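Colleague: Structure below; questions to follow.
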Amino acid sequence: MLDDNRDQAGRPSPDALLEKARAESRGRLKIFLGAAPGVGKTYEMLISGRAKIADGLDVVIGVVETHGRKETEALVAGFEIIPRVEISYKGRPLEEMDLDGILARRPDLVLVDELAHTNAEGSRHPKRYLDVKELLDRGIDVYTTLNIQHVESLNDVVSQITRIRVRETVPDSIIDLADDVEIIDLTPDDLIKRLQDGKVYVPRTAERALTNYFTPGNLTALRELALRKTAQRVDDQLLTHMQAHAISGPWAAGERVLVSIDHHPRSASLVRYAARMASRLRAPWAAVYIETNRSINLTEAERDTVASTLRLAEQLGGEAITLPGREVAEELVRHATANNVTHIVIGAPKKPTWRDWWHHSITDELIRKTGEISVHVISGNEKDGTTARGVRAAATAPELDFKAYLLATGYVAIALGVSVVLDQVLDVRNLALVFLMAVLTSAVLHGLRPALYSCILSALSFNFFFLPPRYTLTISDPESVLALFFFLGVAIIASNLTATVQRQAASARQRARTTEDLYLFSKKLAGTGTLDDVLWATAFQLASMLKVRVVLLLPEDGTIAVKAGYPPDDTLDDADIAAARWAWEHNHAAGRGADTLPGAKRLYVPLRTGRAAVGVIGLDSDRRDGPLLTPEQQRLLDALADQAALAIERVQLVADVDRARLAAEADRLRSALLTSISHDLKTPLAAILGAAGTLRDYFDSMPVEDRSDLLSTVVDESERLNRFIANLLDMTKIESGAMEPNHALHYAGDIIGSALRRAAKILDGHKTEMSIPANLPMVRVDPVLFEQVIFNLLDNAAKYAPEGSVIHIEGWADADNVVIQVSDEGPGIPPADLTRVFDTFYRVRKGDQVRAGTGLGLSICRGFIEAMGGTITAGNRTGRPGAVFTIRLPKPNDIPKLDELR
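Residue numbers for the sequence shown follow numbering that gives the first Met the number 0, beginning at 0 and rising by one.
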C-alpha cells in the first residue's frame, strides 16, 4: 500500500517504523516457497536448521513430513523432535504438532513443515498457520514450507491452470508477515525427472501425477507464480526499508506507476494508459488527485469528473488516492519518492505557450523535479472521457440570498456611522480601515458575492461622505484618487481571500459530516447479520442523506423483486419494473433522468461489487420532473451504494457458506444412513433369512433343540431389526419437530423397572444394580419416551461393557432436579468424543467384538429428554473405567399430596 507520510522530507515514515517495531517484538518467520511438491523445500529447511544449530541456536522439529524420502530422513537425524500429540478423529487416531509442548520447551527456532495443513478437529487451531502465528507471538522463530498453490489470492489462478481446486489455503497476510521468503526453484524437467525416479511419490502415484498435475506447462506456470510472488514480497520489503530509513526513491528494483489526474475529461484516458502500462510491467499502480486551494472553485461537473476518474482507476485495479497540497508538482514528487515510484504519467499542458513566461506548467515543474523518475507526458483525448454515468444531474444554480446582501448593507451602514464619529479625531484616509472591516465581515459570514457588493458599496460611501468635495462622487485631490483605488483593490483581494477560506471551512465541515455519516453507516452495516437488517439500514441511510424515497430490489427466481423501502413501498408500475430489470441485467442506470427508459417514475441504479451486480436501488422524490440528484449527491450515492453492495454480498456469501455446510451435513447424514441400511440393518435381515431358510429346507430332519435355536435367532434378530427401524422413525420425528410428549406425573422407578424387563435379553450376561429410593419425587414425563431413553442407555452399556460386568442405575434428588444416572464398567468414552456421542449417526470407535449399531440411540435419548424439559450429559467414572450418562429432570411444582390423591 502506498504511504502518505506528511512529515518533512528526510524523516522516516512513522508507519514503516511502527511495522519495524512490531516485527522486532515477535519471532521471525522464514517461508521456503516452492512451485510444486518435490522441489526440495523440506530438504532446504532442514539444511538451514542444521546451519542454525552450528551457529549455537536451540533448534527443534515441530513437525516434518519426510514422505519416505531417504535424503530427507537422513537430515532429520540429529534434530530434537517434539513428540506429536494424538487426536482421535472419527474413530481414527491422528497425530498433530504438539503446540503446547513446543511452547513449554521454548526453543530459539522450530521447524514446521506444510504451513497450509488443516489440523484435526479438536485441535486448538483449525489451521497450522494459526499455530505458527501463536509461536511467533510468543517470540519463537519459525521456519516453514509452503507451495504456491496454497496461497489464497492465487487459488483461482492455480485452479484455472491445473484444473484442480486446492482446498487448503493460507491467507496472503501470512506471507506478508514473513521476514524472509526463500524461493526453492527447480526447472520443470528436473522436477519431472525426480518424480520419475521415485523421489517424490511412490511409482503408481507418480504416474498419475505426471499425467494430471506435473505437466511441463503446469509446472512452468506455477514456477512463474512462485517467482512473481517472491519478487512482490521482496519489493514490499524494499519499500518498507526505504521508508523506515528515510531513503528517497526511486530504487528501480521493481516498477511502480503513478498517474496524476485533474478535473479535465482527458484524465480518464490517462488512467487507462497507466493501467495498460502497469499491466505490461506487471507493476502496482495508483491514480492521484492533488487537492489544492484552487480545487475549492471547481464546478460540480468538474468535481464529478474527478470522482468518476478515481472510480475508474479502482475498477481497473489501481489505487485511488486524494492528497492535499499547495503545489501539484511538488506534492507528486514528494509522494513518488516516498513510495519508490518509477513511472509518473501526466497529461500534456493545455495552456498557451506565452503563459510559461511567468509561470511554468505543472508538467514542466514535474520534469525538473523528478530526477531519476521517468515522466510520461500523454496528450490524452478529451473525447475519451470517463465512463458515462448515463444519469443526468439536477441543476445546481446558485440561489440569490437577499438577506445576505441586506446584512452586507447593514455592515457598511455601521461602518459609516463609526467613521462619522472617528472623522473628528482621525485622518480621512485612516477611515478606509473601518470600511475594510465591513467588507471582511461580509466575506466571512456570507461569501464572496455579498463581500464584493459590500466592497463596492463601501468605496462609494467612503468617496461620497469623506473624500473632498464631500457629498459628491467627484474627487478633486489626486492623492484621494490613489487612496480610493488602493482601498478598492485591497478590499477586493481581502474579501476574495476571506471568502475562499470561508468556503474551504464550509467544505471541510460538510466533508466531515459526510465522512462521519459514511463511517456510521459502514459501522452499522458491519454489525448487521441478516439481509433484512442490511436492506433496512441501506434504505434509511439513502433516504436520510439524499432526501429521496428509496426502494431496494434483489434478484429472486430469475427476476427482480422489491425487498425493502423507505418509506415502505412495494408497488411498481410496468415502466418501473422494466427499468429496474434493465438496470439489473445490463449493470447500468436506467429510469428517470437516465439515458435508458427515462419514462419510469424512479431512477434505478445497480448495486455493484467486483464480481457482479447484487441488486438495484430505486430513487424517487416529490419533484415530478427533471433529474433527481445533483452531482454531489450522485457521488454520495456512489459511496453509499458501494458500501451497501459489499454488505449485501457479505451476507449472501455467509448464507452460501451456511447452505454449503448444511448440504455437506445432509450428505454426511445420508451417507451414514445408507451405511446403516446397507450394513447394520442388513445384518439382522441376513440372520433372519438364513435361519428361516434352514428351517424351511431341513425342518423335518433337524433336532428339536436346533429348531428352537433357529427360531430364537429369528425372534431375536427381528426384535433387533424392529429397534433399528423404531430408532430411525423416532429420529425422524425429532428432527421434523413432530415430537409431542404426553406429559404426566410418574415414579421413575416404575418406568426404569419396565425398561429393565424389556431389555432382559440384551442384558443377559451382565449384572444390573438399581438404587432408586422409594421417596424419590415424581417427575413429569412421557412414560413411553422415558422408557425408551432408559432402554437405549442400557443397550449402549451392554454393547461396550464386558460380559459379567455390572450396570448401575441410580436415582436421587437435588435442590431443583431429579437425577437418574446409568453407568457401566466398560472402557469409557474418549475425552474428544464426550460432546459428540449425542450426534446423529456418530459412533465411538470400538472393537470387533462389540455388536454394531446405527449411531442413533444416544441422539434419540437427547432428543426425547430435551423434549421433556430435561438434560442429558455423558462422562466417565472417576477412579475406575466406565461411562456415565446423567439425566436431569426438573422437579414439578404441582405434585399432589397423598390426601388429594385419596
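For every residue, glycine included, the Cβ atom is placed at its ideal position computed from N, Cα and C. Only a predicted model underlies this, so the values are computations on that prediction, with no experimental measurement involved.
Counting C-beta neighbours from all protein chains within 10 Å, is the total for HIS342 16 or more, i.e. buried, or is it exposed?
Modeller: Here residue 342 is taken as the residue at index 343 of the sequence shown, counted from 1. A residue is called buried when at least 16 other Cβ atoms come within 10 angstroms of its Cβ; HIS342 meets this threshold and is buried.
Colleague: Which same chain residues, not among the five before or five after LEU134, have their C-beta less than 7 Å away from its C-beta?
Modeller: Position 135 of the sequence shown holds residue 134. If we look at LEU134 and ignore the five residues flanking it on each side, its Cβ neighbours are GLY26, ILE101, VAL109, VAL141.
Colleague: Sort out for me which residues DSSP pairs SER268 with in a bridge.
Modeller: Counting from one through the sequence shown, the residue named residue 268 turns up at place 269. DSSP, once it has assigned bridges, lists no residue as partnering SER268.
Colleague: Over the uninterrupted beta strand (DSSP E) stretch that includes MET769, give me the two end residues.
Modeller: As a working mapping, residue 769 is identified with position 770 in the sequence shown. From DSSP, the beta strand (DSSP E) with MET769 extends over 766-770.
Colleague: At which residues does the beta strand (DSSP E) containing ALA495 begin and terminate?
Modeller: Position 496 of the sequence shown, counted from the first residue, corresponds to residue 495. What sits at residue 495 in the sequence shown is Asn, not Ala. Per DSSP, ASN495 belongs to no beta strand (DSSP E); it is in the alpha helix (DSSP H), 477-525.
Colleague: Quick one: grab the DSSP three-state call for HIS375.
Modeller: Sequence index remark: in the sequence shown, residue 375 carries index 376 (1-based). Strand.
Colleague: Return the residue from the list PRO567, LEU98, ALA50, ARG255 that minimises the CA-CA distance to TRP284.
Modeller: The residue given as residue 284 occupies position 285 in the sequence shown. Of the listed residues, the one whose Cα sits closest to TRP284 is ARG255.
Colleague: Please classify GLU648 as buried or exposed, where buried requires at least 16 neighbouring CB atoms within 10 angstroms.
Modeller: By 1-based counting over the sequence shown, the position of residue 648 is 649. So GLU648 ends up on the buried side.
Colleague: Under three-state DSSP, which class holds PHE78?
Modeller: Position 79 of the sequence shown, counted from the start, is the residue given in the question as residue 78. DSSP places PHE78 in coil when its eight states are reduced to three.
Colleague: Using DSSP with H/G/I as helix, E/B as strand and the rest coil, what is PRO782?
Modeller: Start at 1 with the first residue of the sequence shown, and residue 782 comes out as number 783. In this structure, PRO782 counts as helix in the three-state DSSP scheme.
Colleague: For ILE173 and GLN148, I'd like the C-alpha separation in whole angstroms.
Modeller: Reading the sequence shown from its first residue, position 174 is the one you call residue 173. Reading the sequence shown from its first residue, position 149 is the one you call residue 148. Taking the straight line from one Cα to the other gives about 14 Å.
Colleague: Restricting to Cα atoms, I'd like to know which of GLY317, GLU70, ALA498 is closest to ASN296.
Modeller: What you label residue 296 is simply residue 297 of the sequence shown in a count that begins at 1. Of the candidates GLY317, GLU70, ALA498, the one whose C-alpha sits nearest the C-alpha of ASN296 is ALA498.
Colleague: For GLY846 and CYS860, I'd like the C-alpha separation in whole angstroms.
Modeller: Within the sequence shown, numbered from 1, the residue matching residue 846 stands at position 847. Within the sequence shown, numbered from 1, the residue matching residue 860 stands at position 861. Only weak support is given to the placement of GLY846: the predicted model assigns it a pLDDT of 44, under 50, and the question is left unresolved by the model.
Colleague: Could you tell me how far apart the beta carbons of GLY121 and ILE86 are, in whole angstroms, since I believe they sit closer than 8 Å?
Modeller: As a first step, residue 121 is located in the sequence shown; it is residue number 122 there, counting from the start. As a first step, residue 86 is located in the sequence shown; it is residue number 87 there, counting from the start. Yes, GLY121 and ILE86 are in contact; Cβ-Cβ is about 5 Å, under 8 Å.
Colleague: Would you report the Cα separation of ASP422 and PHE461, rounded to the nearest angstrom?
Modeller: Counting from one through the sequence shown, the residue named residue 422 turns up at place 423. Counting from one through the sequence shown, the residue named residue 461 turns up at place 462. Going by the C-alpha atoms only, they are around 11 Å apart.
Colleague: Rounded to the nearest angstrom, what separates VAL817 and ASP832 at their Cα positions?
Modeller: Working through the sequence shown from its first residue, we reach residue 817 at position 818. Working through the sequence shown from its first residue, we reach residue 832 at position 833. So the alpha carbons of these two residues sit roughly 26 Å apart.
Colleague: Mark ARG367 as exposed unless 16 or more other C-beta atoms lie within 10 angstroms of its C-beta, in which case mark it buried.
Modeller: Here residue 367 is taken as the residue at index 368 of the sequence shown, counted from 1. By the 10 Å Cβ count, ARG367 comes out exposed.
Colleague: Please name the residue in HIS745, ALA599, PRO776, GLU718 whose C-alpha comes closest to that of ASP758.
Modeller: For the purposes of this step, residue 758 is identified with residue 759 of the sequence shown, where counting begins at 1. The question names Asp, but residue 758 in the sequence shown is Ala. Minimum Cα distance to ALA758 is reached at GLU718.
Colleague: With a threshold of 16 other CB atoms inside 10 Å of the CB of HIS585, please say whether the residue is buried or exposed.
Modeller: Taking the first residue of the sequence shown as position 1, residue 585 is located at position 586. Result: exposed.
Colleague: So if DSSP puts LEU606 in a beta bridge, which residue, or which two residues, is it bridged to?
Modeller: Residue numbering aside, residue 606 sits at position 607 when the sequence shown is read from its first letter. In the DSSP output, where bridge partners are listed per residue, LEU606 has GLY614.
Colleague: So which of ARG164, LEU98, VAL84 has the shortest CA-CA distance to PRO905?
Modeller: Lying outside 0 to 901, the shown extent of the chain, residue 905 is not represented and no answer is given.
Colleague: Keeping to the same chain, check which residues put their C-beta closer than 6 Å to that of ASP178; ignore five residues upstream and five downstream.
Modeller: Residue mapping note: residue 178 aligns to position 179 of the sequence shown, counting from 1. Closer than 6 Å at the Cβ level, and outside the excluded window around ASP178, lie ARG27, LEU28.
Colleague: Within 10 Å of its beta-carbon, does ASP99 have 16 or more other beta-carbons around it, so buried, or fewer, so exposed?
Modeller: The sequence position of residue 99 within the sequence shown is 100, counting from 1. Counting Cβ neighbours within 10 Å, ASP99 comes out exposed, since fewer than 16 surround it.
Colleague: Between the C-alpha atoms of GLY810 and GLU704, what's the straight-line distance to the nearest angstrom?
Modeller: Position 811 of the sequence shown holds residue 810. Position 705 of the sequence shown holds residue 704. Straight-line Cα distance between these residues: approximately 42 Å.
Colleague: Identify the continuous beta strand (DSSP E) that holds TYR142 and give its terminal residues.
Modeller: The count along the sequence shown starts at 1 and reaches residue 142 at position 143. It spans 140-146 - the beta strand (DSSP E) in which TYR142 sits, taken as one unbroken run.
Colleague: Excluding the 5 residues flanking PRO323 on each side, which residues of the same chain have their C-beta closer than 7 Å to its C-beta?
Modeller: The residue given as residue 323 occupies position 324 in the sequence shown. So the list reads GLU290, once near-sequence residues are dropped.
Colleague: What is the rounded straight-line gap between the Cα of ARG193 and the Cα of LEU226?
Modeller: On the sequence shown, position 194 is the one that residue 193 refers to. On the sequence shown, position 227 is the one that residue 226 refers to. Roughly 21 Å separates the two Cα atoms.
Colleague: May I have the straight-line CA-CA distance separating ALA115 from ARG162, to the nearest angstrom?
Modeller: Counting from one through the sequence shown, the residue named residue 115 turns up at place 116. Counting from one through the sequence shown, the residue named residue 162 turns up at place 163. Rounded to the nearest angstrom, the two C-alpha atoms are 19 Å apart.
Colleague: Among GLN159, ALA542, GLN651, which has the Cα closest to the Cα of LEU627?
Modeller: Looking up residue 627 in the sequence shown gives position 628. Comparing Cα-Cα distances from LEU627 to each of GLN159, ALA542, GLN651, the minimum goes to ALA542.
Colleague: Return the chain-ordered list of same chain residues with a C-beta closer than 7 Å to the C-beta of LEU185, the five sequence neighbours on each side being excluded.
Modeller: Taking the first residue of the sequence shown as 1, we reach residue 185 at position 186. Once the five neighbours on either side are set aside, the close Cβ partners of LEU185 are VAL38, GLY39.
Colleague: Restricting to Cα atoms, I'd like to know which of ALA442, PRO449, TYR410 is closest to PHE434.
Modeller: For the purposes of this step, residue 434 is taken as residue 435 along the sequence shown, with counting starting at 1. Checking every option, the nearest Cα to that of PHE434 belongs to TYR410.
Colleague: Which same chain residues, not among the five before or five after PRO829, have their C-beta less than 6 Å away from its C-beta?
Modeller: By one-based count along the sequence shown, residue 829 stands at place 830. Excluding residues within five positions, the ones whose Cβ falls inside 6 Å are SER87.
Colleague: Are the CB atoms of ALA812 and PRO782 within a distance shorter than 8 Å?
Modeller: On the sequence shown, residue 782 is found 783 positions in, with the first residue counted as 1. On the sequence shown, residue 812 is found 813 positions in, with the first residue counted as 1. Their beta carbons are not under 8 Å apart, which means PRO782 does not touch ALA812 by this criterion.
Colleague: So who's on the other strand from ALA286, going by DSSP bridges?
Modeller: Counted from its first residue, the sequence shown places residue 286 at position 287. VAL258, ALA319.
Colleague: Return the Cβ separation of LEU269 and ILE377 in integer angstroms, given the expectation that the two are a contact with Cβ distance under 8 Å.
Modeller: The sequence position of residue 269 within the sequence shown is 270, counting from 1. The sequence position of residue 377 within the sequence shown is 378, counting from 1. With 8 Å as the limit, LEU269 and ILE377 qualify as a contact, their Cβ atoms being about 6 Å apart.
Colleague: Does the beta-carbon of LEU552 have 16 or more other beta-carbons within 10 angstroms, so that it is buried, or is it exposed?
Modeller: Position 553 of the sequence shown, counted from the start, is the residue given in the question as residue 552. Buried is the call here.
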